[in-house]
Every structure is written in C-alpha cells, then in structure tokens.
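Written below as structure tokens is the structure these notes are about.
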Ligand code: CP
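Residue numbers (our numbering): 11 to 324.
See below:
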C-alpha cells in the first residue's frame with residue numbers, strides 16, 4: 011500500500027489501513043532516530059516550510075528535526091516578524107513561499123479549516139499542524155504510535171480522555187483515530203467543557219472520573235486551554251484540580267499497567283499533578299520523542315513516495 015494523498019489534513023476520513031501504513035513507516039523511522047548518526051538522504055533536495063500563526067514548542071521543532079534527519083532543507087517563518095505584520099494576506103504569504111520552491115508547507119492556525127483552504131490553493135503538500143478547535147492530526151498519530159509501542163495493539167483498548175474536550179483539537183483527532191482503529195473512547199470533564207453532540211462521534215460521556223479511570227488502559231489528560239476559554243466555565247483552577255485533576259490518589263484506582271498521556275504543554279498542579287506527570291505510568295516524554303518519528307514517516311510518505319524498503323535508509 012502507498013500513500014495516495016498530496017496533503018495530510020485530518021484523521022477524520024482516513025481508513026484503518028492508512029493509519030497502519032503511517033505507524034508501520036514510523037517503526038522504521040524510530041530505528042533511524044535511535045542511531046548515533048541520525049541523518050539519511052531520503053529527502054535530499056526537498057524543502058519544507060513551517061508557518062505557525064500560534065505558539066508551539068513540540069510540533070514545530072519536531073517537524074523541523076524530522077525534515078533535517080531525512081536531509082530535507084527547512085525554513086521556518088515566524089509570523090511575528092514576517093510581512094503578515096504589514097498586512098500581507100494568508101494566501102499571498104503562502105503563494106510567496108510556494109513561488110520560492112517549497113515542497114511542503116506545515117501550517118498551524120487559530121482558525122479551523124485554514125489547512126484545507128491552503129491545500130486547495132497550493133500545489134505543494136500541506137500538513138495540518140493544528141487548526142483552531144478542529145484537529146491536530148499528527149498529535150493523534152504520535153499518540154497512537156506511543157500506545158502501539160507499549161501495548162502492542164491498537165484495537166479493543168479503553169481510552170479515557172479527561173478534561174477540556176470543548177477546546178481540544180487533540181481530543182477530536184484522538185477520538186477519530188481510536189474509533190477508526192476499533193478502540194473504545196470515554197470522555198470525562200466538567201459539563202461546561204464537554205461539547206454538545208460529541209457523543210455522535212461514538213464516544214461515551216461519563217462525569218464520574220473515578221469510574222472512568224477504573225477500567226481505562228490509557229488515561230489521556232487534556233490541557234486546560236485557558237487562552238481559548240470564555241470566563242466562568244468552572245469556578246477556579248483549584249476546584250478544577252480537586253474535581254478532575256489526575257493525582258497519585260486518583261491513579262491508585264486505575265489498572266496497574268495503565269498509561270498516562272498528555273499532549274503538552276502541561277499545566278502541572280491543574281489537570282495533572284507533578285507526581286503523576288513524572289511517574290512510571292507517564293509516557294509523556296516518549297510521546298514527544300515519537301512526535302519526531304511519526305512526522306518523519308509522514309514527510310517520507312508525502313514527499314518520498316512508496317512504501318519503505320528496509321534497505322533504503324542505510
Ligand atoms: N502538543 C502540541 O501541539 O504541543 P506544541 O503546542 O508545543 O506544539
């Protein structure tokens with residue numbers, strides 16, 4: 011099976027086989043990342059551009075490292091010091107970058123749908139690095155890959171997604187991914203942070219956090235997105251932590267082989283306590299490392315062509 015799309019815009023609409031192809035490709039990329047010399051010539055001569063209209067540490071730097079490890083050239087546009095500040099439109103900005111010869115544009119924007127708009131208007135590949143409250147598809151891929159490494163399967167798992175589902179593009183991409191893969195998703199959080207109609211995506215809503223934690227294989231903790239919230243969705247951060255924060259006491263109710271995940275950045279002491287974030291159950295740093303791996307896989311599939319030949323990286 012080969013990747014057949016120019017762009018990578020969302021998890022919704024992918025097939026199980028397409029997700030498995032990315033995960034399979036990422037397994038080969040992990041071997042490269044674990045080498046002392048990480049550079050392979052696969053994307054030599056290709057140019058990748060990151061364009062982020064929102065802050066990022068993990069996504070942007072892991073895409074850049076992924077491209078560099080595959081020998082692609084990279085440019086990174088900082089919107090705050092670009093001609094966007096002089097009033098240049100989004101479309102003129104990306105057309106300008108494409109005219110310089112980029113092969114792929116990796117875009118994060120605070121408006122949902124921007125990557126789709128760009129994909130329609132550009133001939134280069136467009137990758138969604140997070141669009142508004144819609145999707146963050148590469149985050150879901152790295153989460154799926156991390157679970158696969160630990161649990162050796164992707165179906166029949168119980169995933170508990172806890173917290174600010176309302177504002178979370180990560181939650182939406184994870185829900186799509188786990189449903190496509192045949193796992194069960196429960197969501198839990200303050201009712202003001204659970205979007206109406208979310209059950210239409212095939213998830214169960216349960217407000218009893220202790221019950222949800224009891225039978226979960228994966229506890230996926232969401233960041234409380236204060237920057238996207240209107241005031242008054244919950245009384246205080248202290249109360250949020252008391253009612254929905256994942257603490258060592260709460261974790262005692264979970265299965266002994268549970269995995270604790272968080273997309274980052276974390277609000278320690280709010281949605282997750284430091285003890286849990288740094289505990290043996292936490293795979294948060296592995297998620298970050300696997301972010302490089304799945305992004306290498308995706309760049310390879312979009313720009314390198316074809317299924318991985320095991321000998322082609324040496
Ligand atoms: N998880 C995530 O998207 O992190 P960044 O905002 O640091 O990229």
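For every residue, glycine included, the Cβ atom is placed at its ideal position computed from N, Cα and C.
Within 7 angstroms of the ligand CP: residues by beta-carbon to any heavy atom: 65, 66, 67, 68, 69, 70, 140, 146, 149, 180, 273, 274, 275
Closer than 6 angstroms by C-beta to residue 168: which residues in its own chain qualify, once you throw out the five before and the five after it? Chain order, please. 194, 225, 226, 227
Let me check one thing: in DSSP terms, what residues is residue 269 bridge-paired to? 228
Pull up the DSSP beta-bridge partners for residue 141, would you. 119, 145
As a quick exercise: from 219, 312, 35, pick the residue whose alpha carbon is nearest that of residue 259. 219
What are the uninterrupted segments assigned as alpha helix (DSSP H) that are 4 or more residues long and contained completely in the stretch 256 to 305, given in chain order? 258 to 261, 284 to 287
What are the partner residues of residue 136, as DSSP defines its beta bridges? 115
Would you kindly check if the distance between the Cβ of residue 46 and the Cβ of residue 83 is under 8 angstroms? no
Give the DSSP-derived three-state secondary structure of residue 210 in the structure shown. helix
Taking DSSP as the reference, what is the three-state secondary structure of residue 165? coil
Between which two residues does the beta strand (DSSP E) containing residue 62 stretch? 57 to 62
Rounded separation between residue 114 and residue 221 - CA only: 44 angstroms
Confirm, please, whether the CB-CB distance from residue 52 to residue 81 is below 8 angstroms. yes
Starting from residue 196, follow its DSSP beta bridges and name the residues at the other end. 170, 214
Contact between the stretch 14 to 21 and the stretch 127 to 143 is defined here as three or more beta-carbon pairs at a separation below 8 angstroms; is this criterion met? yes
By the three-class DSSP mapping on this structure, what secondary structure does residue 83 have? strand
Look at the Cβ atom of residue 61, then the Cβ atom of residue 87, and state whether they are nearer than 8 angstroms. yes
Once DSSP output is grouped into helix, strand and coil, what is the label at residue 178? coil
Residue 37, enclosing alpha helix (DSSP H) - first and last residue: 26 to 43
Taking only the alpha-carbon atoms, compute the straight-line gap between residue 345 and residue 234 and give it to the nearest angstrom. Not covered by the structure: residue 345. The range shown for the chain is 11 to 324.
For residue 102, report the span of its alpha helix (DSSP H) as first-last. 100 to 109
Please state if the CB of residue 191 and the CB of residue 21 are separated by a distance shorter than 8 angstroms. no
When the Cβ atoms of the stretch 89 to 109 are set against those of the stretch 140 to 150, are three or more pairs found closer than 8 angstroms? no
Can the beta-carbon of residue 271 be found less than 8 angstroms from the beta-carbon of residue 293? yes
Mapping DSSP to helix, strand and coil, what is residue 158? helix
Start and end of the alpha helix (DSSP H) containing residue 126? 124 to 131
In terms of residues, what are the limits of the alpha helix (DSSP H) holding residue 249? 247 to 254
Rounded separation between residue 304 and residue 289 - CA only: 24 angstroms
Can you grab the Cα-Cα spacing for the pair residue 151 / residue 280, in whole Å? 26 angstroms
Looking at residue 63 and residue 120, is the spacing between their C-beta atoms short of 8 angstroms? yes
Who are the near neighbours of residue 178 in its chain, counting only those whose CB is closer than 6 angstroms to its CB and skipping five residues on each side? 232
Based on Cα-Cα distance, which residue from 253, 203, 173, 243 lies nearest to residue 229? 173
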